[in-house]
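Engineer: To get the numbering used here, take the position in the sequence shown, counting from 1, and add 59.
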Amino acid sequence: MVKLECKTLILDLDGTISDPSLGIINCINHALETHGLPTVSGDLIKQEIGPPLDKTFINLSPGATPSEVSKLITTFRERYSDIGYSENILYAGIPAVIDQLSNAHVTLGVCTGKRKDFAERILSLFGLLEYFAFVDGGDIGVTKSSQLAGLLKSKAIDKQAVMVGDRSIDITSAQENGLRSIGVLWGFGDYEELSQASPACILEKVDELPGVVT
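1. Name the DSSP bridge partner or partners of Arg239?
2. Please go through the same chain and pick out, in chain order, the residues whose beta-carbon is closer than 8 angstroms to the beta-carbon of Asp123, but skip the five residues on each side of it.
3. Alpha carbon to alpha carbon, what distance is there between Thr171 and Ala178?
4. Count the other C-beta atoms from every protein chain shown that fall within 10 angstroms of the C-beta of Asn236, then say buried if there are 16 or more, exposed otherwise.
5. For the stretch 178 to 208, which segments carrying the beta strand (DSSP E) assignment without a break, of at least 3 residues, lie completely within its bounds, in sequence order?
6. Around the Cβ of Gln206, are there at least 16 other Cβ atoms within 10 angstroms (buried) or fewer (exposed)?
7. As a quick exercise: from Arg180, Gln234, Leu188, Pro111, pick the residue whose alpha carbon is nearest that of Gly200.
8. Using a Cβ-Cβ distance cut-off of 8 angstroms, determine whether His164 contacts chain C.
9. Under 8 angstroms between the Cβ atoms of Lys66 and Gln234?
10. Which runs of the beta strand (DSSP E) fall wholly inside the stretch 109 to 178 and span at least 3 residues, in chain order?
11. So, helix, strand or coil for Ser80, using DSSP?
12. Considering only C-alpha positions, which residue in the set Asp71, Leu81, Asp158 is nearest to Gly186?
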């Protein structure tokens, strides 16, 4: 198994720490239905989890205008704030792994395309927020690459940090900032997607993570 010397581990949220698909599917279809647009299957929505929300709606409703996309996002967030965030499901084994990493004195952080307030509410819901030194959230028009660049600039992380995520965007964003990365297969990206992005390693099981970085 690959071993990475690592003092700081940056975790993606959706598809890495928790499975948000139920809440996202419900909120997307609620938004589409509210604005008179056809709803879409859960399987199709799952393929779009990861990129920013505006790109998700553009891909799911190609004919939507920028104004309609903006309204869809607003309606999505209204339901997500009320109930959607609580429909997240924590991946089995994550609490034990996070506790193990913390006890090994690995600094933990989150970098997610989800808004920071939503990310913190989800982590609090699972009793995990206290483990993280920082939670960096995104927004419309903000790329994960620019988020990581901001963390480097603020010195929240250095070049020895390792990014962990389930989609190729996590891997390529790390590479664009000179960071190493780990791909994980318990989320939404498959082996082909992750291997093409060339992370340092790809893990199949949650409990493999501490063995790679501690």
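Cβ atoms here follow ideal geometry from the backbone N, Cα and C, with glycine treated the same way.
Structural biologist: Once the coordinates are examined:
1. Val221, per the DSSP bridge assignment.
2. In the sequence under discussion, the amino acid at residue 123 is Ala, which differs from the Asp named in the question. Leu96, Phe116, Ile117, Leu131, listed in sequence order.
3. Straight across, the Cα-Cα distance linking Ala178 with Thr171 is about 8 angstroms.
4. Buried, because 16 or more other Cβ atoms sit within 10 Å of the Cβ of Asn236.
5. Within the stretch 178 to 208, the complete beta strand (DSSP E) runs of at least 3 residues are 193 to 196.
6. Under this definition Gln206 is a buried residue.
7. Ranking Arg180, Gln234, Leu188, Pro111 by CA distance to the CA of Gly200 puts Pro111 first.
8. Structure shown: chain C not included; a single protein chain is present.
9. Not in contact: Lys66 and Gln234 (Cβ atoms no closer than 8 angstroms).
10. Here the runs fully enclosed are 166 to 171.
11. Here Ser80 sits in helix by DSSP.
12. Minimum Cα distance to Gly186 is reached at Asp158.
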